[in-house]
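**Student:** As given, the protein sequences belong to chains A and B, one line each in that order. Numbered per this note's numbering, the first sequence spans residues 356 to 743. Numbered per this note's numbering, the second sequence spans residues 69 to 222. Every residue, glycine too, gets a C-beta built ideally from N, C-alpha and C. Before I ask anything, let me first share the structure, which is written out below as structure tokens.
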Amino acid sequence: MRKVAIVGGGGTSCGKREANFRELVQEAGKAMFENVKNISPKDVEALIVGAAQPERFVFQAHVAPMVAEYLGITPRKVLARTELMCASGQAAIRYAWACVASGMADVAVAFGVEKMFMPDMAEAQTNMTCVLDREFDGVNALSAPPFFAMTAQRHMYEFGTTKEQMALVSVKNHHYSTMNPLAQFQKETSVEEVLKSPVIAPPFNLFDCSGITDGAAGVVLVPAEMAKKYTDTPMYIVGSGQASIGNVIGNLADLTDWIPLKMAAEETFRTAKISLKDVDIAELHDCFTISEIMEYEAFGWCNKGKGGKFIENGEPYVGGTIAANPRGGLLGCGHPLGATAILQALDILQQFRGEVPKGRHVKDAEVAITHNLSGPANVHSILAYKRS
Amino acid sequence: MKKVEFEKIKRPESIKLPYMLDFYPLEDEKNTRTSQFFKNLKEGRLTTTKCKKCSKVLWPPRIVCPNCLSEGLEWIDLGVEGELYAFTEMKLGAPLGFCQDVPFCVGIVKIGGLLISARIDNATYDSLKIGDKVGLKVVELEDGRVFYRFKPTR
């Protein structure tokens, strides 16, 4: 296995964009290629496109060659789309990484795109109900918000977590996203504002939920020994972990204890030869406020059930125990499904390069992880990155 | 200059609810090998498959046991009363086909040793609490297909 570097990347601004699927692709592609020196689209041998539901959102299948076409790429080694719902982008990075690590390709692009705003938003909500087992869970109108609302309800019931503690996650991530030009939400929020935002599915209010988002992003991967040709400041993929248990709600390992996350974290740390205390930045999958709280616990920054207290005590901030989501998270940046993990990777690169504003910059960071969950949190995917 | 033709075209004003937006499974024997599940439901029985070889209870119903690969499965009753494990109420963001029901409750019900998600009828978020007893209810679609829901029994 060859060591693999990410040598650059770019993304669109995210949100309700006045641009269609293929225009998002073009914007992100231009930004990506312009961020890498000595590269032309024709050099790209492998293209993996993370896209969760283009068939539903834009009625378009076979999107990998479409992305290749719009980016001027003519892949001759590997071309495919990855779908792992909210972790589709991370799946793209993982496979692009595998392509380069294995020697199958020397220059690979991991791309992600999702156009989620539709003329009728009920249709977008409908799409999300086939993420869970459609015939036994989706049929009950269970999309992400009600499912994670029940997770939050159980967490509150079992551990005494409060709505105010959950709101603090939203406040923190909206704070950081005001310093991220690509983020969907550019305004600070407060605990009161979160609690007063419209009720979606109790205990969730609107600001407990990440947005419906349009966005795209891409990163370029090459073997580490070739990295300096493309940039002076590469970052390296040093480890990963992924685990899945069950799928239908009744077969999950546990609603309030994300065992697959613990397994994936253990594997990440083992393969990256790092420990939790080495991690300087953690991009966590805060699709809902409760998710981030449970991630503090499952990664082990705090004990089970203490995630609410952990944020109340000001620990998951830049300068605290762990810089959690200094990008602004999904809550602040939005969640363009296929693009999210790519945008996370891109932000880590910018953190390492010192290209992010001071208020959210983690100084001298050497080690970062990005995490995505998908479906009813039965699947957890993690990548570990190093600056050197 | 050549003359360019302009013409208004028409699409159908309405289309039948397409399968792609139909949440309810196709349940007859022409479409599934587990149609017995729905036949049982029509008799007021919530059932699932159990492996006769390794005794594993399998939810949702299967045709092959993932534990021992046996096809020798039998139908077992899960009972008609369960306990509410978790619940919420859809207030905003319901999918098409369910918008007319808003607000409505959904929950996870502990029944027959399993956790099953289901709509909870005759309830609001504030009227329910974790641990409440709920009873099986069967809803029938206009085309004769059936599905299970629960309602509070107190």
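In angstroms with no decimal places, state the Cα-to-Cα distance between Q520 (chain A) and E621 (chain A).
**Tutor:** The residue labelled residue 520 (chain A) in the question sits at position 165 within the first sequence. The residue labelled residue 621 (chain A) in the question sits at position 266 within the first sequence. Near 27 angstroms, if we compare the C-alpha coordinates of E621 (chain A) and Q520 (chain A).
**Student:** With DSSP as the reference, label A456 (chain A) as helix, strand or coil.
**Tutor:** As a working mapping, residue 456 (chain A) is identified with position 101 in the first sequence. It is helical.
**Student:** With a cut-off of 8 angstroms, do at least 3 Cβ pairs link the segment 206-221 of chain B to the segment 180-198 of chain B?
**Tutor:** The segment 206-221 of chain B is in contact with the segment 180-198 of chain B.
**Student:** Within 8 angstroms (strictly less), CB to CB, does W127 (chain B) reach chain A?
**Tutor:** Taking the first residue of the second sequence as 1, we reach residue 127 (chain B) at position 59. For W127 (chain B), the answer is yes, since a Cβ of chain A falls inside 8 angstroms of its Cβ.
**Student:** With which residues is N560 (chain A) paired in a DSSP beta bridge?
**Tutor:** Against the first sequence, residue 560 (chain A) aligns to sequence position 205. According to DSSP, which records beta bridges pairwise, N560 (chain A) is partnered with A:V554.
**Student:** Anyone know if the C-beta pair for C485 (chain A) and S565 (chain A) falls short of 8 angstroms?
**Tutor:** In the first sequence, residue 485 (chain A) corresponds to position 130, counting from 1. In the first sequence, residue 565 (chain A) corresponds to position 210, counting from 1. No, the Cβ-Cβ distance between C485 (chain A) and S565 (chain A) is not below 8 angstroms.
**Student:** Please determine, among A:E438, A:E667, A:Y740, the residue with the shortest C-alpha to C-alpha distance to I346 (chain A).
**Tutor:** Residue 346 (chain A) lies beyond the stretch modelled for chain A, which goes from 356 to 743, so this question has no answer here.
**Student:** Is any non-hydrogen atom of the ligand FAD found closer than 7 angstroms to the C-beta of E652 (chain A), if you look at the structure I gave you?
**Tutor:** Absent from the structure shown: the ligand FAD. Ligands present: none.
**Student:** Could you tell me whether any Cβ in chain B is nearer than 8 angstroms to the Cβ of A416 (chain A)?
**Tutor:** In the first sequence, counting from the first residue as 1, residue 416 (chain A) sits at position 61. Not an interface residue.
**Student:** What distance in whole Å lies between the Cβ atoms of V404 (chain A) and V418 (chain A), which are believed to be in contact at a cut-off of 8 angstroms?
**Tutor:** Residue numbering aside, residue 418 (chain A) sits at position 63 when the first sequence is read from its first letter. Residue numbering aside, residue 404 (chain A) sits at position 49 when the first sequence is read from its first letter. Yes, V418 (chain A) and V404 (chain A) are in contact; Cβ-Cβ is about 6 angstroms, under 8 angstroms.
**Student:** Under 8 angstroms by Cβ, that's how I've got A406 (chain A) and A451 (chain A) pegged, so tell me the actual separation to the nearest angstrom.
**Tutor:** Position 51 of the first sequence holds residue 406 (chain A). Position 96 of the first sequence holds residue 451 (chain A). 14 angstroms between Cβ atoms; not a contact.
**Student:** Can you name the residues of chain B whose CB is closer than 9 angstroms to the CB of E478 (chain A)?
**Tutor:** Residue mapping note: residue 478 (chain A) aligns to position 123 of the first sequence, counting from 1. Those within 9 angstroms of E478 (chain A) in chain B are L89, P163, L164.
**Student:** List the residues of chain B whose Cβ lies closer than 7 angstroms to the Cβ of N495 (chain A), in chain order.
**Tutor:** Here residue 495 (chain A) refers to the residue found at position 140 when the first sequence is read from its first residue. Ordered by position in chain B, the residues that pass the 7 angstroms Cβ test against N495 (chain A) are V174, S185, A186, R187.
**Student:** Less than 8 angstroms between CB atoms is the rule here; does E622 (chain A) satisfy it with respect to chain B?
**Tutor:** The sequence position of residue 622 (chain A) within the first sequence is 267, counting from 1. E622 (chain A) does not count as touching chain B.
**Student:** Could you work out which residues of chain A lie near L182 (chain B), taking near to mean beta carbons separated by less than 7 angstroms?
**Tutor:** Your numbering for residue 182 (chain B) matches position 114 in the second sequence. Per Cβ cutoff of 7 angstroms: G605.
**Student:** Any idea which residues DSSP pairs T115 (chain B) with across the strands?
**Tutor:** As a first step, residue 115 (chain B) must be located in the second sequence, where it is residue number 47. BP columns for T115 (chain B) point to B:D145.
**Student:** If A571 (chain A) sits next to P430 (chain A), beta carbons under 8 angstroms apart, how far is it from one beta carbon to the other, in whole angstroms?
**Tutor:** One-based indexing of the first sequence puts residue 571 (chain A) at position 216. One-based indexing of the first sequence puts residue 430 (chain A) at position 75. Not confirmed; about 18 angstroms, so no contact.
**Student:** Would the beta-carbon of K470 (chain A) fall within 8 angstroms of that of F376 (chain A)?
**Tutor:** In the first sequence, counting from the first residue as 1, residue 470 (chain A) sits at position 115. In the first sequence, counting from the first residue as 1, residue 376 (chain A) sits at position 21. Yes, the pair counts as a contact, with Cβ atoms nearer than the cut-off.
**Student:** Residues in the segment 503-514 of chain A with C-beta within 7 angstroms of chain B's C-beta atoms, listed in sequence order?
**Tutor:** Against chain B - using a Cβ distance shorter than 7 angstroms - the residues of the segment 503-514 of chain A are A504, M505, Q508, R509, Y512.
**Student:** According to DSSP, R377 (chain A) sits in a beta bridge with which residue or residues?
**Tutor:** As a first step, residue 377 (chain A) is located in the first sequence; it is residue number 22 there, counting from the start. Bridge partners of R377 (chain A): none, in fact.
**Student:** Note down, in chain order, each residue of its chain lying with its Cβ closer than 7 angstroms to the Cβ of I703 (chain A), except the 5 sequence neighbours on either side.
**Tutor:** Position 348 of the first sequence, counted from the start, is the residue given in the question as residue 703 (chain A). Here the set comprises M590, I636, E638, A723, T725, Y740.
**Student:** Could you tell me the alpha carbon to alpha carbon distance between A716 (chain A) and I394 (chain A), rounded to whole angstroms?
**Tutor:** The count along the first sequence starts at 1 and reaches residue 716 (chain A) at position 361. The count along the first sequence starts at 1 and reaches residue 394 (chain A) at position 39. Residue identity differs from the one stated: residue 716 (chain A) is His in this sequence, not Ala. Roughly 28 angstroms separates the two Cα atoms.
**Student:** Taking only three categories from DSSP, how would you classify Y651 (chain A)?
**Tutor:** Stepping through the first sequence from its first residue, residue 651 (chain A) is reached at position 296. Y651 (chain A) falls in the helix class under three-state DSSP.
**Student:** Since I believe V148 (chain B) is in contact with V177 (chain B) (beta carbons under 8 angstroms), could you give me their beta-carbon distance rounded to a whole number of angstroms?
**Tutor:** Indexing the second sequence from 1 puts residue 177 (chain B) at position 109. Indexing the second sequence from 1 puts residue 148 (chain B) at position 80. No, V177 (chain B) and V148 (chain B) are not in contact; Cβ-Cβ is about 11 angstroms, not under 8 angstroms.
**Student:** Just the Cα atoms here: how many angstroms apart are F624 (chain A) and I737 (chain A)?
**Tutor:** Numbered from 1 along the first sequence, position 269 holds the residue referred to as residue 624 (chain A). Numbered from 1 along the first sequence, position 382 holds the residue referred to as residue 737 (chain A). So the two alpha carbons sit approximately 10 angstroms from each other.
**Student:** Report the rounded CA-to-CA distance for I645 (chain A) versus K98 (chain B), giving the unit in angstroms.
**Tutor:** Counted from its first residue, the first sequence places residue 645 (chain A) at position 290. Counted from its first residue, the second sequence places residue 98 (chain B) at position 30. If I take the Cα positions, the gap works out to 43 angstroms.
**Student:** Please classify D488 (chain A) as buried or exposed, where buried requires at least 16 other C-beta atoms within 10 Å of its C-beta.
**Tutor:** Counted from its first residue, the first sequence places residue 488 (chain A) at position 133. The residue in question, D488 (chain A), is buried, as its Cβ has 16 or more Cβ neighbours within 10 Å.
**Student:** Output the distance between the C-alpha atoms of P220 (chain B) and L114 (chain B), rounded to the nearest integer angstrom.
**Tutor:** In the second sequence, the residue the question calls residue 220 (chain B) occupies position 152. In the second sequence, the residue the question calls residue 114 (chain B) occupies position 46. Roughly 17 angstroms separates the two Cα atoms.
**Student:** Anyone know if the C-beta pair for F155 (chain B) and L183 (chain B) falls short of 8 angstroms?
**Tutor:** Within the second sequence, numbered from 1, the residue matching residue 155 (chain B) stands at position 87. Within the second sequence, numbered from 1, the residue matching residue 183 (chain B) stands at position 115. No, Cβ-Cβ distance for F155 (chain B) and L183 (chain B) is not below 8 angstroms.
**Student:** Would you verify that the beta carbon of F472 (chain A) is, or is not, closer than 8 angstroms to some beta carbon of chain B?
**Tutor:** Indexing the first sequence from 1 puts residue 472 (chain A) at position 117. It does not; no Cβ of chain B falls within 8 angstroms.
**Student:** List the residues of chain A whose Cβ lies closer than 9 angstroms to the Cβ of I83 (chain B), in chain order.
**Tutor:** Counting from 1 along the second sequence, the entry for residue 83 (chain B) is found at position 15. The premise fails here: I83 (chain B) is roughly 14 angstroms from chain A at the closest Cβ pair, so nothing lies under 9 angstroms.
**Student:** Under 8 angstroms between the Cβ atoms of E142 (chain B) and V132 (chain B)?
**Tutor:** Here residue 142 (chain B) is taken as the residue at index 74 of the second sequence, counted from 1. Here residue 132 (chain B) is taken as the residue at index 64 of the second sequence, counted from 1. No, the Cβ-Cβ distance between E142 (chain B) and V132 (chain B) is not below 8 angstroms.
**Student:** Chain A beta carbons: is any one of them nearer than 8 angstroms to that of I77 (chain B)?
**Tutor:** Stepping through the second sequence from its first residue, residue 77 (chain B) is reached at position 9. Not closer than 8 angstroms to any Cβ of chain A, the Cβ of I77 (chain B) fails to qualify, so no.
**Student:** Three-state secondary structure (DSSP) at C167 (chain B)?
**Tutor:** Here residue 167 (chain B) refers to the residue found at position 99 of the second sequence. Three-state DSSP puts C167 (chain B) in a helix.
**Student:** Put K741 (chain A) into one of helix, strand or coil per three-state DSSP.
**Tutor:** Here residue 741 (chain A) corresponds to residue number 386 of the first sequence, with the count starting at 1. Three-state result, K741 (chain A): strand.
**Student:** At a cut of 8 angstroms, does the segment 550-569 of chain A reach the segment 501-514 of chain A through at least three beta carbon pairs?
**Tutor:** Yes: the two stretches touch, three or more of their Cβ pairs being nearer than 8 angstroms.
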